[in-house]
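When we follow our numbering, the leftmost residue of the sequence shown carries the number 1, and every step to the right adds one. For reference, the structure discussed in these notes is given below.
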Amino acid sequence: MKEVFDPLRQVWVAATPEEVVRQTWIQRMIGQLKFPRELIAVEKELKALPHLIEEKSVLPNRRIDLLAYMKTMKPLLLIECKEAELTQDALDQAVSYNHYVKAPFVAIVNLNEIRFYPKKISWLPTYFELLEALHG
1 MKEVFDPLRQ VWVAATPEEV VRQTWIQRMI GQLKFPRELI AVEKELKALP
51 HLIEEKSVLP NRRIDLLAYM KTMKPLLLIE CKEAELTQDA LDQAVSYNHY
101 VKAPFVAIVN LNEIRFYPKK ISWLPTYFEL LEALHG
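Structural data, given as structure tokens:
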């Protein structure tokens with residue numbers, strides 16, 4: 001099986017279709033959208049997220065695809081990666097994860113498409129645009 005290098009986790013991972021989507025978006029987030037690489041969590045269980053450590057007993061066994069943090073380590077953007085068409089089920093999944101994560105912004109993505117919420121736009125704002133939208 002082919003592998004792809006994950007620059008954030010510093011490991012080679014199987015190049016599954018969903019992993020290719022995840023790695024494509026990591027590259028876009030860091031390169032084009034200026035998200036600080038040290039503030040992006042990849043493929044983490046809810047129980048392993050720094051801001052949820054205290055709540056381990058009430059968290060389901062779920063794994064987020066991508067989570068960008070603010071410098072204060074508060075969640076900023078939760079991203080759910082899909083290999084196929086973006087559906088209402090995909091959005092529902094991301095929203096259900098965000099019930100625990102509490103990021104102000106959520107997106108679902110595939111290789112060719114993005115749906116960003118709460119603003120219903122089909123592009124991903126830069127890191128600084130998200131911070132500005134949040135803090136005015």
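Quick reminder that beta carbons are idealized off the backbone N, C-alpha and C, glycines included.
Just so you know, the alpha carbons of Ala14 and Phe128 end up roughly 32 Å apart. A check of alpha carbon separations from His51 across Tyr69, Ala107, Arg115 and Leu130 identifies Tyr69 as the nearest.
For Tyr100 and Pro60, the gap between their C-alpha atoms comes out near 9 Å. If the five residues before and after Ala94 are omitted, its C-beta is found closer than 7 Å to the C-beta atoms of Leu78, Glu80, Val106 and Ile108, all from its own chain and listed in chain order.
Within the segment 5-38, the complete alpha helix (DSSP H) runs of at least 4 residues fall at 17-31.
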